[in-house]
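Participant:
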Amino acid sequence: MKRLATLLLNCATLVATSCSKDDNGVTPVGPKDYTVEYRVSSTSNLVSDYISYTNATGGTTTLTNVALPVSYSFTRTMKQGDSATLLASLPAGARLPRTSR
Numbered sequence: 001m002k003r004l005a006t007l008l009l010n011c012a013t014l015v016a017t018s019c020s021k022d023d024n025g026v027t028p029v030g031p032k033d034y035t036v037e038y039r040v041s042s043t044s045n046l047v048s049d050y051i052s053y054t055n056a057t058g059g060t061t062t063l064t065n066v067a068l069p070v071s072y073s074f075t076r077t078m079k080q081g082d083s084a085t086l087l088a089s090l091p092a093g094a095r096l097p098r099t100s101r
């Protein structure tokens with residue numbers, strides 16, 4: 001009987017301590033304004049087939065036959081988990097310069 005009482009007391013203690021709310025004083029950061037700047041250039045081509053990027057509203061802007069170099073800059077309100085992306089393509093047959101390490 002004593003073992004059963006000890007077991008129940010231990011279980012009650014475990015349940016009481018494991019269900020407590022942890023408060024480490026960390027407050028999630030809310031939305032914040034960021035300046036986003038994309039710069040696209042090439043050492044071998046004067047034109048990019050297309051450039052696609054995340055714009056100021058979080059949508060996607062796609063441009064074709066873009067003269068290089070080019071840059072885009074804007075302010076965007078972002079929160080945790082938001083992202084900004086950039087995709088650029090060179091014309092078919094274009095060669096990228098070789099780099100050595």
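The numbers in the sequence shown follow full-length UniProt numbering, run straight up by one, and end at 101.
Glycine included, every Cβ here is placed at the ideal spot set by N, Cα and C.
1. Can you tell me the Cα-Cα spacing of Val70 and Thr43, whole angstroms?
2. Here's the rule I'm using: 16 or more other beta-carbon atoms within 10 Å means buried, otherwise exposed. How should Thr77 be labelled?
3. Could you check the C-alpha separation between Leu87 and Asp33 for me, to the nearest Å?
4. Given that a residue counts as buried once 16 or more other Cβ atoms are within 10 Å of its Cβ, and exposed if not, what is Ser75?
5. Tell me the DSSP secondary structure of Val29 in three-state form.
6. So, with DSSP's three-state summary, where would you put Asp49?
7. Less than 8 Å between the beta carbons of Thr60 and Thr54, yes or no?
8. Straight-line CA distance for Gly81 to Asn45?
9. Taking the alpha-carbon of Pro91 as reference, which of Pro31, Val29, Val47 has the nearest alpha-carbon?
10. With Ile51 and Val66 assumed to form a contact (beta carbons below 8 Å), what rounded beta-carbon distance in angstroms separates them?
Facilitator: Let me lay it out:
1. 13 Å
2. exposed
3. 23 Å
4. Here residue 75 turns out to be Thr, not Ser, going by the sequence shown. Exposed, by the Cβ-count rule.
5. coil
6. strand
7. yes
8. 35 Å
9. Val47
10. 5 Å
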